[in-house]
Every structure is written in C-alpha cells, then in structure tokens.
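Start counting at 1 in the sequence shown, then tack on 1125, and there's your number in this note's numbering. Built from N, CA and C at the ideal position, the CB exists for glycine as well.
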Amino acid sequence: MNRPPTRYSTSGNPEAQYEPGSRKRVLRNLTGITSIRTMELAETWCLKDTYEEAARRYAPTHRFTETDIRNLHKLWLGRIYPWAGQYRTVDISRDGHRFAVPRLVPGLMAEFSGDVLKRGTPCKGMKDSGLVAALAEVHVEFILIHPFREGNGRVARLLADLMARQTGWPWLSYQSIQGKGYPRYLGAIKAGLDRNYEPMSRIFSGILADSG
C-alpha cells in the first residue's frame, strides 16, 4: 500500500532540520525517533490508522478539496511532525526534477482543488474508464505540485484509494509501480508536465486490474 519514504534535498529551513542523533537521516519529529527503520514503522502504522478513519469519514458522494487533503496529511502525520497538514516552505527535488517553489504551492493547490478535484470527484457512478481518467489526472497534478514536506506519494495513493472506493473498488494494489515498475511510473509523471495523462491512465488501468 505504501513505499518506504524517501528524503528529499532541501534548502535551509526549520522544516529541513534533522533529529539530533539521527546523523541527518531522520527529520526532526515530535517523538524523538532517530532511526530510519523506526520512523518507517511509525509512519506506516499511523497511515494504517488513517486509512481506516478516512474510510469512515468520506462518503461515496463526497467531493474532495484541498482542505480534505491537508486534513488527511495531518490525520496521518500529526503525531509525528509539527508541520503535518501544512504546505511546505522548503524547496524539494527528486530524480532531477524540482517541484513547485513553496510560494506558489497555496495558489496551485487552490487551483487544483477548484479545477481538477472538482471535475474528478466524486467518483460515484463513474464507469471504470472515467475513474481511470480521473485517477490519472488527479494523481499526476498532485504529485507535480508536491505540496507537503514529506509523504506526498502516500497521500496521493490514499486519495486515489478513496476515489476508487467511491465506485465500489477495494483498496488498490500499487505493486506495479514499485521496483522495476517505478521508472515507467516516473515517466508517466513527467508526461503530465505537458498535460498528457495517457501514460498514467494506462498505469491505473493496470492497478485496477491488479486490485479486482
């Protein structure tokens, strides 16, 4: 359901501080965790709880907004990081790609909420082809913004899961985008820079096939 977290390169900022004693491998946190493995376990257990709560909280007819996304992030990581649920104030990059600069994130998320999420949710009543298209666009655009300091990929997958559940699907399997499948996934994200969502649509078609 989730990938191990990856630490990003950042500019200097309190959000970039590391937990003392972690050898700059674990972000400063509310629990004093200094081990990567322990932090991975803590994040995973908190995410499991978040899935259960989110399933109770959001109805099949719910239209998701940026407020929901921030609430999901805080619900998940609020016991671990002081900035959970807040948009990042640091620059981050990964795989040679720099995500949106922090000052643009609030505006981009408002646009994402009023455009992409408004059109793509709720998913209740959608045929699988419509669901795949909605999942692909929402996922790509969210990842390209990368609004949070940590956990963007897992929040994106949680949102995809909640959208799919609105049409009666179970929690989705993401094994196909891990390991050897990750480069193809990364290519689909990069295709979204030109608003080309077909590669990601093909990926989500496979995810649904693996999850049925």
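Residue i versus the options, residue with shortest Cα-Cα distance
{"i": "histidine 1264", "options": "Ser1218, Arg1228, Pro1324", "result": "Pro1324"}
{"i": "leucine 1333", "options": "Glu1144, Gly1317, Leu1318, Arg1282", "result": "Arg1282"}
{"i": "serine 1330", "options": "Leu1318, Gly1304, Asp1319, Trp1294", "result": "Trp1294"}
{"i": "arginine 1148", "options": "Gly1317, Ser1160, Pro1247", "result": "Ser1160"}
{"i": "glycine 1278", "options": "Thr1156, Leu1197, Ala1141, Ala1259", "result": "Leu1197"}
{"i": "proline 1080", "options": "Thr1175, Val1215, Leu1284, Ala1167", "result": "There is no way to answer for residue 1080, as the model of the chain reaches only from 1126 to 1337."}
{"i": "leucine 1229", "options": "Arg1219, Leu1152, Val1215", "result": "Val1215"}
{"i": "tryptophan 1201", "options": "Asp1335, Asn1321, Glu1168, Arg1290", "result": "Glu1168"}
{"i": "lysine 1249", "options": "Asp1220, Tyr1176, Ala1289", "result": "Ala1289"}
{"i": "glutamate 1236", "options": "Gly1203, Thr1190, Val1257, Leu1297", "result": "Thr1190"}
{"i": "threonine 1292", "options": "Ala1259, Leu1172, Ile1328, Tyr1322", "result": "Ala1259"}
Buried/exposed call for residue i, threshold 16 Cβ in 10 Å
{"i": "glutamate 1178", "result": "exposed"}
{"i": "tryptophan 1170", "result": "exposed"}
{"i": "arginine 1223", "result": "exposed"}
{"i": "alanine 1141", "result": "buried"}
{"i": "glycine 1245", "result": "buried"}
{"i": "glycine 1317", "result": "buried"}
{"i": "threonine 1186", "result": "exposed"}
{"i": "glycine 1137", "result": "The pLDDT assigned to glycine 1137 is 49, lower than 50, so where the model puts this residue is not dependable; a value taken from the coordinates is nonetheless given after this. That one is exposed."}
{"i": "glutamine 1300", "result": "exposed"}
{"i": "leucine 1166", "result": "exposed"}
{"i": "glycine 1276", "result": "buried"}
{"i": "leucine 1155", "result": "exposed"}
{"i": "serine 1326", "result": "buried"}
{"i": "threonine 1192", "result": "exposed"}
{"i": "aspartate 1220", "result": "exposed"}
{"i": "glutamine 1303", "result": "exposed"}
{"i": "aspartate 1319", "result": "exposed"}
{"i": "aspartate 1335", "result": "exposed"}
Residue i, DSSP secondary structure in three states
{"i": "arginine 1182", "result": "helix"}
{"i": "arginine 1223", "result": "strand"}
{"i": "tyrosine 1307", "result": "helix"}
{"i": "methionine 1126", "result": "Interpretation of methionine 1126 is limited by its pLDDT of 40, a score under 50 that renders its predicted location unreliable; no figure is taken from the coordinates."}
{"i": "tyrosine 1322", "result": "coil"}
{"i": "tyrosine 1299", "result": "coil"}
{"i": "arginine 1132", "result": "Only weak support is given to the placement of arginine 1132: the predicted model assigns it a pLDDT of 42, under 50, and the question is left unresolved by the model."}
{"i": "leucine 1152", "result": "strand"}
ask   = Does the pairing of the segment 1299–1312 with the segment 1260–1275 give three or more beta-carbon distances under 8 Å?
value = No: fewer than three Cβ pairs fall under 8 Å.
message = Report the start-end ranges of each alpha helix (DSSP H) in the segment 1226–1253 that is 4 residues or longer and not cut off at the edges.
response = Restricted to the segment 1226–1253, the alpha helix (DSSP H) segments that are unbroken, complete and at least 4 residues in length are 1230–1237, listed in chain order.
task = Decide yes or no for the touch test of the segment 1236–1247 against the segment 1198–1217: beta carbon pairs closer than 8 Å, at least 3 of them.
result = Contact fails between the segment 1236–1247 and the segment 1198–1217, because fewer than three Cβ pairs, one in each stretch, are under 8 Å apart.
request  = Give, in chain order, every unbroken run of the beta strand (DSSP E) that is at least 3 residues long and sits entirely within the segment 1188–1224.
outcome  = Unbroken beta strand (DSSP E) runs of no fewer than 3 residues, entirely contained in the segment 1188–1224, are found at 1217–1219, following chain order.
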